[in-house]
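**Student:** Residue numbers (our numbering): 157 to 211. Sharing a structure, written as structure tokens. Questions coming.
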């Protein structure tokens, strides 16, 4: 993730802008899912954990 995007997300979060959460999900969900799936070794559980992490 570029520093510009990180700054944009931080600024949007500071303003309470919903777009920040969308950007976080778009940019981190794939990597986070991979880590969770590697730990759980269960795709359904990994999907659930990913969803819960963004709630």
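Ideal Cβ placement from N, Cα and C applies to all residues, glycine included.
Would you call residue 202 buried or exposed, if buried means 16 or more other Cβ atoms sit within 10 Å of its Cβ?
**Tutor:** Buried, since its Cβ has 16 or more Cβ neighbours within 10 Å.
**Student:** Please classify residue 165 as buried or exposed, where buried requires at least 16 neighbouring CB atoms within 10 angstroms.
**Tutor:** With 16 or more other Cβ atoms within 10 Å, it is buried.
**Student:** Taking the alpha carbon of residue 186 as the point to measure from, which residue in 210, 160, 159 and 161 has its own alpha carbon closest?
**Tutor:** When each option's Cα is compared against that of residue 186, the closest is 210.
**Student:** Considering only their Cβ atoms, is the gap separating residue 180 from residue 206 smaller than 8 angstroms?
**Tutor:** Not in contact: residue 206 and residue 180 (Cβ atoms no closer than 8 angstroms).
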